[in-house]
Amino acid sequence: MIWRTGAALAFLTVAIGQPLTAQASVYGVLGVGFPGRAVSVRARALGGGLDALDPRSAVNPAAIAFNGRLTVSGTTETTSRWYEVSGVAAEGLRDTRFPVAMIAGQIQTSPISFGVSYALYAERSFDIQTTDTVTLRGTDVLVTDRVRSDGGITDVRFGLAWALSERVQLGGAFHLLSGSTREQLQRDFDSPDYASVTQRGDVDYSGTGVSVGVMVTPSRRFRFGLAARRDGRLDVSDPLLPVPELQLPWTLTAGWTYAPVRVVRWSASASWRSWGGADVDPSAGLTDQVFDTWEVGTGIEIGGSDVGASRVPLRVGFRYAQLPFSPTADRAREIDFSAGTALSFAANRAIIDAAIERAIRDGGGAVERAWQLSLGLTIRP
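To convert, count from 1 in the sequence shown and add 1265; that's the working numbering.
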């Protein structure tokens, strides 16, 4: 149902759509949904530049080694957005989610550290209403279609990291993908001769993946990281319509951080995902609208208690990302401008991070603008 429904929604949205509400991005209507970001608030404030090196992000399992003591962290994100599709706009849309949570730490005095994390892999929450005229028994009848979906796919990661030395760390992780969406399609007729038709169903998702990573610190001022992730086939269980398994992508991520002076750190990361190679049901008509994607981000952090400077660091960042799904040959894309800070307590045993992002998305027949406010809490007992 997921790909066939996606094709139908793409047509409805782009051709005759009248968006009603959307709990998540309008781009979450297609494919497996809007891709999540398994990164911390600090990494968000830095435009994703720290993705490949951040111990509180679930991207590079080798970074787990930098949680020298037991660390518990979690984030919350509130988004306010508007979008426009085919000249029809929807405003004042808000949602709140908890995209990432993690517990990690060193195993006693060994060089091995563990990390267990939760992240949002993809979100499919939307509510779209469209109108059209159909011919029934030789008479034109106005119909109103409403398509709803609520839910998504989560990613639970179980990782281990091994500190070979102070300069080199290795890591590996197993990923368990699961989730569900409650979907409903309703058609109302503007005629007393026809009764409304409603179709409901719960769609379940399950899958697995593995990831490996390495971190290298050749000098006190420079560090880089590499990570590779292979997700397997996503099993889609739909009681209303049989759906084949879907092949999820490879993900390759690389990044570095450089400190020209002690209180200034510049970071940058890039990721590639092989979404274009996903096995798509040809009857869905979406094969030509699934793309490989690139994502690049960079950011600068000034100060911070971890370098013996101010307890309130300043963070700014920029991010560019391509989106994998589009109802047309026009590829969708996103540009983010971000800023943030943090406040530490009790000798860095508790840290509150904050980030604000301005997201600009377009392509595929839609335009979307969003403000995203993220808050994170880290506790090191």
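No residue lacks a Cβ here, since even glycine has one placed at the ideal position from N, Cα and C.
When we look at the beta-carbon of F1610 and count the other beta-carbons within 10 Å, is it buried (16 or more) or exposed?
exposed
For the putative contact between A1369 and N1332, defined by C-beta atoms under 8 Å, what is the C-beta separation to the nearest angstrom?
4 Å
Counted within 10 angstroms of its Cβ, other Cβ atoms place W1559 as buried (16 or more) or exposed:
exposed
What's the C-alpha gap between A1289 and P1376?
41 Å
Can you give the Cα-Cα distance for L1425 and E1388, rounded to whole angstroms?
27 Å
For S1382 and G1641, the rounded distance between their alpha carbons
14 Å
Reference Q1371, options I1329, V1477 and V1399, closest by Cα:
I1329
Span separating the alpha-carbon of W1521 from that of H1440:
24 Å
For the 8 Å Cβ check, are there 3 or more pairs between the region 1304 to 1315 and the region 1574 to 1594?
yes
Euclidean distance between Cα positions of N1613 and M1367:
17 Å
Extent of the continuous beta strand (DSSP E) to which V1526 belongs
W1515 to V1526
Whole angstroms is fine: what's the gap from S1536's alpha carbon to L1385's?
17 Å
Pull the bridge partners of D1415 from the DSSP assignment, please.
R1447
Exposed or buried, which one is Q1554 when buried takes at least 16 other CB atoms within 10 Å?
buried
Leaving aside the five residues before and after A1635 along the sequence, list all residues of the same chain whose C-beta is less than 6 Å from its C-beta, in chain order.
T1344, R1346 and A1624
Starting from A1624, trace the beta strand (DSSP E) in both directions and tell me its first and last residue.
A1615 to G1628
Are the CB atoms of D1500 and G1472 within a distance shorter than 9 Å?
yes
Using the Cβ count rule (16 or more neighbours within 10 Å means buried), how would you classify D1458?
exposed
Below 8 Å CB to CB, which residues in the same chain sit around V1577 once its five sequence neighbours on both sides are set aside?
G1568, T1606, A1607 and L1608
According to the neighbour-count rule (16 or more other Cβ atoms, all chains shown, within 10 Å of its Cβ), is I1600 buried or exposed?
exposed
Roughly how many angstroms lie between the CA atoms of W1268 and G1474, to the nearest whole one?
Only weak support exists for where W1268 lies, its pLDDT of 43 falling under 50; the value from the coordinates is given anyway. In a straight line, the C-alpha of W1268 is about 21 Å away from that of G1474.
Check whether the region 1294 to 1302 and the region 1588 to 1599 touch, using three or more Cβ-Cβ pairs below 8 Å as the test.
yes
How many whole angstroms separate the CB atoms of S1322 and V1304, which I take to be in contact at a CB cut-off of 8 Å?
4 Å
Using CA atoms only, rank isn't needed, just tell me which of R1334, M1480 and R1494 is closest to R1488.
M1480
Spatial distance of E1342 from T1400 (CA atoms)
45 Å
For R1626 versus A1594, is the C-beta spacing smaller than 9 Å?
no
Residues near R1307 by beta carbon distance below 6 Å, same chain, minus five either side:
D1618
Proximity to I1616 [Cα-Cα], best of Q1637, I1644 and A1604
I1644
Below 8 Å on the Cβ atoms is my guess for V1408 versus D1453; work out the distance and round it to an integer in Å.
7 Å
Measure from the C-beta of V1324 to each C-beta in chain B and report whether the shortest distance is under 9 Å.
Absent here is chain B; the protein component of the structure consists of one chain.
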